[in-house]
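Trainee: What follows is a single structure, and I will ask about it in a moment.
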Amino acid sequence: MSNKNPVIERKEGAILTYVNIFLNTFIMIFYTPFVIKMLGQSEFGLYSLAISIMGYIAIFDFGLGNAVVVFTSKFIAKNQQNKQNILYSTVFVFYICMSFLIIILGVIFLSNIELFFKNSLTLEEIEILKVLVMLLIFNMTFSLPCNVFSSILNAYERFIFMKKISILRSLLTPLFLSVILLLGFKSISMIVSITFLNILYFLTIIIYCKKNINMKIDILKFNFNFLKMVLNYSIFIFIGLIVDQVNWNFGQFIIGSFLGAKEVGVFAIAILFNSMFIMLSTAISGVFLPKISKMISSGANNETLTNEMIRIGRLQGYIIFLILFGFIIFGKDFIKLWVGESYIDAYYLTIIIMIPLSVPLIQNLGLSIMQAKNQYQFKAISTLIGAIISIFLSIYLVKIYGYFGVSFSIASMFFIMNGIAINWYYHKKIKLNMQKFWSEIFKNITPIFLLFLLFLLFSNFIKSDNIVYFAIEILVFMLLYFIVCYKICMNEYEKSLLESILKKIKV
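Okay, here's the thing in structure tokens:
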């Protein structure tokens, strides 16, 4: 059961995560316009709507994936192998039960799908949507029990393997789907291909886990006390999963119900940009939950945790501000060149959500600290209240302002609940020094913001529809951004980290 040094796993795991994200971004840039062209705006909207509806199946994880990571880290620290095996067997049986529940609820939803979309979709569109949802139900009922194996590998910090297999899937998916579309097939065949690749992905993970991790899953070892233990831990993470689904998927459901498939397609582009924004900004913090769990188990004090949060927050901040300011400057022209004038509203929809979203993303490591301390309750309940308000506000505003009303509803709740309320809780209850945290972040943002204002003013005078000139303009901004960050913002640790990454790339 040999393993690389956990520090190396985390560092290389974070680098490979960015490789995967940049690969996905590159694929998105060239692949999405191709899909829209082959499917048409209406069926692309249906495809996006089906994906968003089935995103709700993610809540059936119940947050147990995080629970497996946290409890495995504790059991490893105490060398309690038998407890690990009981944990995995219990969670696996629970996931199988949830898969059966997904099938039952899926059948009920499919039987009543006309009630939700009869006023906005045609009969033909509803029939296509039924088939898409049916296929995705099968996909998720298979995937859910397999999540336990992914969680085990994350708990053992096998990030390098996990990221490599994710990169492979990122490459194969558009390749398969492009062939499907070129052969004249449409969205239904695309979902069939995605399901097939998903099965291969999880089978690979299961085989690797069986060969490299000393773990056994035996359904006869199901233990109700262990289930109660992990559910007590994960219940508030489960609420967080519900909130995420409301924030990122329910808006498309509302738009599909009140407006139509084309409007869903435009809003889906905005959600796509914000999803990429989240992935890029959380790649670093995403590999730190096992480490934070071990730090807290070893008695790390709040000052140490604050310093760790600052260290990771500053690193994430460089990525977040680059994407945010870059999108504000170049996003409108990019969307025009990318998918055409008919999707230009996606630029404004994206910015409305992206600006307040940047606040919780910068301090994302705080969520890992909350989870490891088992103090996730306030985050879960406050954001759930915000999500419920957002639903009613979206239903009201979509009738007046269309998808802009939905976007504003999501953004306002991000700012109030994930920005103001959570920062208060971090500072007062978790005892993290948020004044010190934001002081360090603002040291970064001030020179970067000045660069943004100057470049924004400059770019307004040199707008061009030439794609080569546009690409050069982006590269110039990124180069200036890099120089300002390196010369003015970065401390010695950040400079040495960047230099080590550049050396790896050079090699």
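All the letters of the sequence shown, read from the start, carry residue numbers 154 to 660 under the numbering used here.
C-beta atoms are modelled at their ideal positions from N, C-alpha and C, and glycine is treated no differently.
The model shown is predicted, which means the values in this text are computed figures rather than measured ones.
Could you tell me the distance, in whole angstroms, from the CA atom of residue 453 to the CA atom of residue 530?
Mentor: Each residue's Cα considered, the two are about 21 Å apart.
Trainee: Are residue 430 and residue 481 touching if we call contact CB-CB under 8 Å?
Mentor: No, the Cβ-Cβ distance between residue 430 and residue 481 is not below 8 Å.
Trainee: Which residue's Cα is closest to the Cα of residue 628: 254, 600, 483 and 516?
Mentor: Among 254, 600, 483 and 516, the Cα nearest to that of residue 628 is on 483.
Trainee: Within 10 angstroms of its Cβ, does residue 493 collect 16 or more other Cβ (buried), or is it exposed?
Mentor: The residue is exposed, with fewer than 16 neighbouring Cβ atoms inside 10 Å.
Trainee: Within its chain, find whatever has a CB closer than 7 Å to the CB of residue 379; leave out the 5 residues flanking it on each side and keep chain order.
Mentor: So the list reads 239, 240 and 243, once near-sequence residues are dropped.
Trainee: Would you please state the rounded distance, in angstroms, between the beta carbons of residue 560 and residue 502? I believe it to be under 8 Å.
Mentor: Right, the Cβ-Cβ distance comes to about 5 Å (below 8 Å), so this counts as a contact.
Trainee: What is the C-beta distance between residue 201 and residue 417, in whole angstroms, given that I count them as a contact (C-beta under 8 Å)?
Mentor: Yes, residue 201 and residue 417 are in contact; Cβ-Cβ is about 6 Å, under 8 Å.
Trainee: Of all the CB atoms in chain D, is at least one closer than 8 Å to the CB of residue 619?
Mentor: In the displayed structure, chain D is absent; only one protein chain is listed.
Trainee: Let's test the definition: count the other Cβ atoms within 10 Å of the Cβ of residue 196 and tell me whether it reaches 16, buried, or not, exposed.
Mentor: Under this definition residue 196 is a buried residue.
Trainee: Cutting at 7 Å between CB atoms, please list the residues of its own chain near residue 604, excluding the five before and the five after it.
Mentor: Taken in chain order, the residues that qualify are 633, 634 and 637.
Trainee: Which ranges does the alpha helix (DSSP H) cover as unbroken runs of at least 4 residues, wholly within the segment 254-281, from first to last along the chain?
Mentor: The segment 254-281 contains these whole alpha helix (DSSP H) runs: 266-270.
Trainee: Going by beta-carbon coordinates alone, are residue 514 and residue 463 separated by less than 8 Å?
Mentor: It is not a contact, given that the beta carbons lie outside the stated cut-off.
Trainee: Suppose you measure from the CA of residue 175 to the CA of residue 373; what does that come to, to the nearest Å?
Mentor: Cα-Cα distance, rounded: 43 Å.
Trainee: Among the candidates 376, 336, 178 and 645, whose CA atom is the shortest distance from the CA of residue 467?
Mentor: Taking only the C-alpha atoms, the option nearest residue 467 is 645.
Trainee: Can you say whether residue 232 is buried or exposed, counting buried as having 16 or more other CB atoms within 10 angstroms of its CB?
Mentor: Counting Cβ neighbours within 10 Å, residue 232 comes out exposed, since fewer than 16 surround it.
Trainee: Could you pull out every residue in the same chain whose Cβ sits closer than 8 Å to the Cβ of residue 456, ignoring the five residues on either side in sequence?
Mentor: Closer than 8 Å at the Cβ level, and outside the excluded window around residue 456, lie 586.
Trainee: Along the chain, where does the alpha helix (DSSP H) containing residue 524 start, and where does it finish?
Mentor: Note, residue 524: alpha helix (DSSP H), 518-525.
Trainee: Within the continuous alpha helix (DSSP H) that includes residue 528, where are the two ends?
Mentor: Careful: residue 528 lies outside any alpha helix (DSSP H) and carries neither H nor E.
Trainee: Nearest by alpha-carbon distance to residue 412: which of 619, 577 and 271 is it?
Mentor: Here the closest residue by C-alpha is 271.
Trainee: Ignore the nearest five residues each way along the sequence and tell me which others in residue 496's own chain have a CB closer than 7 Å to its CB.
Mentor: 419, 422 and 488.
Trainee: Could you pull out every residue in the same chain whose Cβ sits closer than 8 Å to the Cβ of residue 509, ignoring the five residues on either side in sequence?
Mentor: Taken in chain order, the residues that qualify are 564, 565, 567, 568, 571 and 572.
Trainee: Of the residues 204, 178 and 234, which one's Cα is nearest the Cα of residue 369?
Mentor: It is 234.
Trainee: Taking contact to mean 3 or more Cβ pairs, one atom from each stretch, closer than 8 Å, check whether the segment 320-337 and the segment 181-189 are in contact.
Mentor: At 8 Å Cβ cutoff, the stretches touch.
Trainee: Which value, in whole angstroms, describes the spacing of the CA atoms of residue 408 and residue 599?
Mentor: So the two alpha carbons sit approximately 38 Å from each other.
Trainee: What would DSSP say about residue 564, mapped onto helix, strand or coil?
Mentor: Correct three-state label for residue 564: helix.
Trainee: With respect to the alpha helix (DSSP H) encompassing residue 233, which residues constitute its N-terminal and C-terminal limits?
Mentor: Premise fails: residue 233 is in no alpha helix (DSSP H) and is neither H nor E.
Trainee: Taking 8 Å as the threshold, find out whether the segment 276-293 comes into contact with the segment 345-363 through three or more Cβ pairs.
Mentor: Judged by Cβ distances under 8 Å, the segment 276-293 makes contact with the segment 345-363, as three or more pairs qualify.
Trainee: From residue 155 to residue 387, what does the alpha carbon distance come to, in whole angstroms?
Mentor: Because residue 155 sits at a pLDDT of 43, beneath the cut-off of 50, its placement in the model cannot be relied upon, and the point is left open.
Trainee: Just to confirm before moving on: does the CB-CB distance between residue 533 and residue 383 stay below 8 Å?
Mentor: No. Outside cutoff.
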